[in-house]
Amino acid sequence: MSFFDALNVSASGLTATRTEMDVTSENLANAQSTNNGTPYKPQAVVLSTIGSGDSFQQELSSALSGTPASANGAGSDAGGVQVSQIVSENVPNQLVYNPTSPNANAKGYVEEPDIQPVTEMTNLISESDSYQADVTAMDTTKQMYTSTLQLLQA
Amino acid sequence: MSLLDNTQLSLESAMSGSMYRQTLLSNDLANADTPGFQPQDVNFQQELSNAVASGQSPTSVQFSESTTSQVTSSDGNGVDTNVVDADIAENGLLYQTLTQVAAARNSILQSAINASG
Numbered sequence: 001m002s003f004f005d006a007l008n009v010s011a012s013g014l015t016a017t018r019t020e021m022d023v024t025s026e027n028l029a030n031a032q033s034t035n036n037g038t039p040y041k042p043q044a045v046v047l048s049t050i051g052s053g054d055s056f057q058q059e060l061s062s063a064l065s066g067t068p069a070s071a072n073g074a075g076s077d078a079g080g081v082q083v084s085q086i087v088s089e090n091v092p093n094q095l096v097y098n099p100t101s102p103n104a105n106a107k108g109y110v111e112e113p114d115i116q117p118v119t120e121m122t123n124l125i126s127e128s129d130s131y132q133a134d135v136t137a138m139d140t141t142k143q144m145y146t147s148t149l150q151l152l153q154a
Numbered sequence: 155m156s157l158l159d160n161t162q163l164s165l166e167s168a169m170s171g172s173m174y175r176q177t178l179l180s181n182d183l184a185n186a187d188t189p190g191f192q193p194q195d196v197n198f199q200q201e202l203s204n205a206v207a208s209g210q211s212p213t214s215v216q217f218s219e220s221t222t223s224q225v226t227s228s229d230g231n232g233v234d235t236n237v238v239d240a241d242i243a244e245n246g247l248l249y250q251t252l253t254q255v256a257a258a259r260n261s262i263l264q265s266a267i268n269a270s271g
């Protein structure tokens, strides 16, 4: 297990949270997109854990040094998080009464995406908290590395 | 007689265990939203003290993580972010304490080497 794994793991968390925030922002921005008859479907992010033995760098370094891939904690899955896919949620559209709209049906209703701004904003708050927590973890790890360097100082 | 006594080796092993714990805790935090994820931790202090008590060399300890089985959210995720946050802070301080102690012992050795007549 490399010395800088902790930083890489936190960085993967930042990337995944950033993607989640992007998707939430897109849902909010497209809350009323009718796309001329095929309304926007809200998207969701599917997260999955990265196993620690999955990276090419680790396999290479373990092959070169002759030691098993995870000498410390064999079988540990501490590789971080990744976005495995972004899926479109198949939620039914909501009908909004707007007879003057070009997309209105015979009864004057327009099909719009069923995106609740309150839900999306709550997701945004939780993703923002998550991002901050990962940044704090990175900060603590960086302080640990810095204090290690101080060992070398006379 | 070696320059590095058992205490220095234990400090080195504890630092390695603490860094490993930091990786696991960071992973728990990064996966705080992953469905079905169970948090992991390593009690490196316990493993190290067991190894030293049984006469093993401190640097030969292989730390093994333990996985909790708790559920804190409806998608099966078991991470309690408050607990993990506190553990990360505690682990960071512990690591810095270990390096300070190691540095202090090194400087004792250095002053012994540099002492003249």
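Keeping their order, the protein sequence lines are chains A and B. Each residue of the first sequence is one higher than the one before, counting from 1 in my numbering. Each residue of the second sequence is one higher than the one before, counting from 155 in my numbering. All C-beta atoms, glycine included, are put in the ideal place defined by N, C-alpha and C. Values in this document were obtained by computation on a predicted structure and should not be read as measured data.
What does DSSP give as the partner residue(s) for residue i in the beta ladder?
| i | result |
| --- | --- |
| Ala44/A | Val87/A |
| Gln150/A | Its beta-bridge partners do not exist; DSSP assigns none. |
| Thr49/A | Val81/A |
| Leu95/A | Glu111/A |
Please compile the residues from chain A whose C-beta is within a distance smaller than 8 Å of the C-beta of residue i.
| i | result |
| --- | --- |
| Phe191/B | Thr49 |
| Thr177/B | Met1, Asp5, Ala6, Val9, Ala78 |
| Gln250/B | Gln143, Met144, Ser147 |
Listing by chain order, which chain B residues have their CB less than 7 Å from the CB of residue i?
| i | result |
| --- | --- |
| Asp134/A | Leu183, Ala184 |
| Thr148/A | Thr253 |
| Gly13/A | Leu183, Ala184 |
Output, in chain order, the set of chain A residues within a Cβ distance shorter than 7 Å of residue i.
| i | result |
| --- | --- |
| Ile242/B | Ala137, Thr140 |
| Ser180/B | Ala6, Val9, Ser10, Ala137, Thr141 |
| Gly246/B | Thr140, Gln143, Met144 |
Just to make sure I have the definition right: I need the residues of chain B whose C-beta is within less than 8 Å of the C-beta of residue i. Which are they?
| i | result |
| --- | --- |
| Thr38/A | Under the 8 Å cutoff, chain B gives no residues; its nearest Cβ is about 29 Å from Thr38/A. |
| Leu151/A | Thr253, Ala256, Ala257, Asn260 |
| Met121/A | Correct list: empty, because the minimum Cβ distance to chain B is about 17 Å. |
CB of residue i to nearest heavy atom of the ligand SAH: below 8 Å?
| i | result |
| --- | --- |
| Val238/B | Looking at this structure, you won't find the ligand SAH or any other ligand, since it has none at all. |
List, in chain order, every chain B residue whose beta-carbon is nearer than 9 Å to that of residue i.
| i | result |
| --- | --- |
| Val81/A | Asn181, Ala184, Asn185, Ala186, Asp187, Thr188, Phe191 |
List, in chain order, every chain A residue whose beta-carbon is nearer than 9 Å to that of residue i.
| i | result |
| --- | --- |
| Thr213/B | Those do not exist, as Thr213/B stays about 12 Å from chain A at its closest Cβ, beyond 9 Å. |
| Thr235/B | Asp129, Ser130, Ala133 |
| Asp239/B | Ala133, Thr136, Ala137 |
Checklist line | At least three beta-carbon pairs within less than 8 Å, the region 98-109 of chain A to the region 15-22 of chain A | finding: no
Margin query: Could you check whether the region 211-224 of chain B touches the region 254-271 of chain B, counting it as contact only if at least three pairs of C-beta atoms, one from each stretch, sit closer than 8 Å?
Written below: no
Margin query: I'd like to know if the region 35-48 of chain A and the region 139-148 of chain A are in contact, where contact means that at least 3 CB-CB pairs between them fall below 8 Å.
Written below: no
Check: Are the region 228-240 of chain B and the region 196-208 of chain B in contact at 8 Å, needing three or more beta carbon pairs?
Finding: no
Check: Which ranges would you report for the alpha helix (DSSP H) in the region 168-228 of chain B if only whole runs of at least 4 residues count?
Finding: 198-207
Checklist line | the region 240-255 of chain B in contact with the region 217-224 of chain B per 3-pair CB rule at 8 Å | finding: The answer is no - the region 217-224 of chain B does not touch the region 240-255 of chain B, with fewer than three Cβ pairs under 8 Å.
Checklist line | Given 8 Å, three or more beta-carbon pairs between the region 110-125 of chain A and the region 4-16 of chain A | finding: no
Checklist line | Any 3 or more C-beta pairs closer than 8 Å across the region 85-99 of chain A and the region 120-138 of chain A | finding: no
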